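Trainee: If you read the sequences in order, they're chains B and W.
In case it helps, the numbering used here puts the first sequence at residues 722 to 833.
In case it helps, the numbering used here puts the second sequence at residues 3 to 113.
My questions will all concern the structure given below.
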Amino acid sequence: NAGVTQTPKFRVLKTGQSMTLLCAQDMNHEYMYWYRQDPGMGLRLIHYSVGEGTTAKGEVPDGYNVSRLKKQNFLLGLESAAPSQTSVYFCASSYGWRGEQYFGPGTRLTVT
Amino acid sequence: SQQGEEDPQALSIQEGENATMNCSYKTSINNLQWYRQNSGRGLVHLILIRSNEREKHSGRLRVTLDTSKKSSSLLITASRAADTASYFCATGDSGNTPLVFGKGTRLSVIA
C-alpha cells in the first residue's frame, strides 16, 4: 500500500514551458486535492475533485488545470509556467469530504 | 474565509517540556484537524476533533476545542527532538467548503 505518490519529485522549468504533475492513490479515495505551499503562506488549495470525472476550483486556481479521468489519478497541469508558480506542490486524498487527508511527498517546482 | 490561524508562529522548547499551540478560526465548524509536517515532507494527520467534542487524546497529544471562543489547542507532552516539525490546524465547515489550512506553528525541540 503506497498511499499517495507524486511524480516528479523535482522539476525546473523555464518561463512559458508546460508540464503535468501526476498524483496517484491506492486507497480508493473519492476525494483528491492539489495544494501549493509557499513560505509563510501555509497550504493553499488549487483544485480538487469529489470523484472520478469531476473537478472544482479552489482558492488559487489561476494558471492551473486539472483532470481526474481515473479515480486513482489526479493530474495538475501548468500550460505556461510563470516564476510565480515556483512552489512546492502537494497532492492529497481523503475517503470522506471532511475526513482526514493523506498527503503525498510533494513536488518541488522551480520556474526560471 | 474561515482559515484557522495558529499561534505562535514559532516555538522553541527543551526536550522534555510541554509544547502548546493554538488555533483560532472565524466561522462555525464541523470538525478541526491537526497535522504535522516534517521538513521537506508531506503533511501527516494527527487528530480530528468534532464540533461536539471538547477534548481528545492520542498518545502524547491532547487537543481541546472551545467552540464558544472559536479556538483549539494542541498540547504535546514530554516533547522529544523528533517532535521538531511544523504543525497545522485545518477547519472543515458544515457546508461544501473544502478543508482550510492555517499557516502553521514551527516547533523546535532542543535536545
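Here a beta-carbon is modelled for each residue, glycine too, at the ideal position from N, C-alpha and C.
It should be emphasised that the depicted structure is a prediction, and the values quoted were computed from it without experimental measurement.
Could you check if Thr29 (chain W) is buried or exposed, using at least 16 other CB atoms within 10 Å of its CB as the buried criterion?
Mentor: Locating residue 29 (chain W) in the second sequence gives position 27, counting from the first residue. It is exposed - the Cβ of Thr29 (chain W) has fewer than 16 other Cβ atoms within 10 Å.
Trainee: Can you name the residues of chain B whose CB is closer than 7 angstroms to the CB of Gly106 (chain W)?
Mentor: Residue 106 (chain W) sits at position 104 when you count from the first residue of the second sequence. Under the 7 angstroms cutoff, chain B gives Gly763.
Trainee: CB Gln746 (chain B) to CB Pro826 (chain B), shorter than 7 angstroms?
Mentor: Within the first sequence, the letter at position 25 stands for residue 746 (chain B). Within the first sequence, the letter at position 105 stands for residue 826 (chain B). Against a cut-off of 7 angstroms, the Cβ pair of Pro826 (chain B) and Gln746 (chain B) comes out as no contact.
Trainee: Name, please, each residue of chain B whose Cβ falls closer than 7 angstroms to the Cβ of Gln35 (chain W).
Mentor: Taking the first residue of the second sequence as 1, we reach residue 35 (chain W) at position 33. Near Gln35 (chain W) (Cβ distances below 7 angstroms), the residues of chain B are Glu821.
Trainee: Please say whether Gly798 (chain B) and Asn786 (chain B) have beta carbons closer to each other than 7 angstroms?
Mentor: Residue mapping note: residue 786 (chain B) aligns to position 65 of the first sequence, counting from 1. Residue mapping note: residue 798 (chain B) aligns to position 77 of the first sequence, counting from 1. Result yes, Cβ atoms of Asn786 (chain B) and Gly798 (chain B) sit closer than 7 angstroms.
Trainee: Using 7 angstroms as the limit for Cβ to Cβ distance, is Pro760 (chain B) near chain W?
Mentor: Locating residue 760 (chain B) in the first sequence gives position 39, counting from the first residue. By this cut-off, Pro760 (chain B) is not an interface position.
Trainee: DSSP three-state call for Asp759 (chain B): helix, strand or coil?
Mentor: For the purposes of this step, residue 759 (chain B) is taken as the residue at position 38 of the first sequence. Here Asp759 (chain B) sits in strand by DSSP.
Trainee: Return the Cβ separation of Ser770 (chain B) and Phe795 (chain B) in integer angstroms, given the expectation that the two are a contact with Cβ distance under 8 angstroms.
Mentor: In the first sequence, counting from the first residue as 1, residue 770 (chain B) sits at position 49. In the first sequence, counting from the first residue as 1, residue 795 (chain B) sits at position 74. Their Cβ separation, rounded to whole angstroms, is 6 angstroms, which keeps Ser770 (chain B) and Phe795 (chain B) in contact under 8 angstroms.
Trainee: Is it buried or exposed for Val2 (chain W), if we count other Cβ within 10 angstroms and need 16 for buried?
Mentor: Chain W is shown from 3 up to 113; residue 2 (chain W) falls before or after that span and cannot be answered.
Trainee: Is any beta-carbon of chain W found at less than 7 angstroms from that of Tyr769 (chain B)?
Mentor: The count along the first sequence starts at 1 and reaches residue 769 (chain B) at position 48. Taking Cβ atoms only, chain W reaches closer than 7 angstroms to Tyr769 (chain B), which makes this a yes.
Trainee: Could you check if Val111 (chain W) is buried or exposed, using at least 16 other CB atoms within 10 Å of its CB as the buried criterion?
Mentor: Position 109 of the second sequence, counted from the first residue, corresponds to residue 111 (chain W). Buried.
Trainee: By the 10 Å Cβ neighbour count, where 16 or more other Cβ atoms means buried, how is Arg52 (chain W) classified, buried or exposed?
Mentor: Here residue 52 (chain W) refers to the residue found at position 50 when the second sequence is read from its first residue. Under this definition Arg52 (chain W) is an exposed residue.
Trainee: I need the straight-line Cα distance from Thr761 (chain B) to Ser808 (chain B), nearest angstrom please.
Mentor: Taking the first residue of the first sequence as 1, we reach residue 761 (chain B) at position 40. Taking the first residue of the first sequence as 1, we reach residue 808 (chain B) at position 87. Thr is not the amino acid found at residue 761 (chain B); the sequence shown has Gly there. Cα to Cα, the separation comes out at about 12 angstroms.
Trainee: According to DSSP, is Asp783 (chain B) part of a helix, a strand, or is it coil?
Mentor: Taking the first sequence and counting its residues from 1, the one referred to as residue 783 (chain B) is at position 62. Asp783 (chain B) falls in the coil class under three-state DSSP.
Trainee: Under 7 angstroms, Cβ to Cβ, is there at least one residue of chain B near Asn32 (chain W)?
Mentor: Here residue 32 (chain W) refers to the residue found at position 30 of the second sequence. Yes, Asn32 (chain W) lies at the interface with chain B (some Cβ there is under 7 angstroms from its Cβ).
Trainee: Going along chain B in order, which residues have a C-beta closer than 9 angstroms to the C-beta of Arg43 (chain W)?
Mentor: In the second sequence, counting from the first residue as 1, residue 43 (chain W) sits at position 41. Those are Phe824, Pro826, Gly827, listed as they occur along chain B.
Trainee: Look up Asp85 (chain W) in the DSSP assignment and say whether it is helix, strand or coil.
Mentor: Here residue 85 (chain W) refers to the residue found at position 83 of the second sequence. Reduced to three states, the DSSP call for Asp85 (chain W) is helix.
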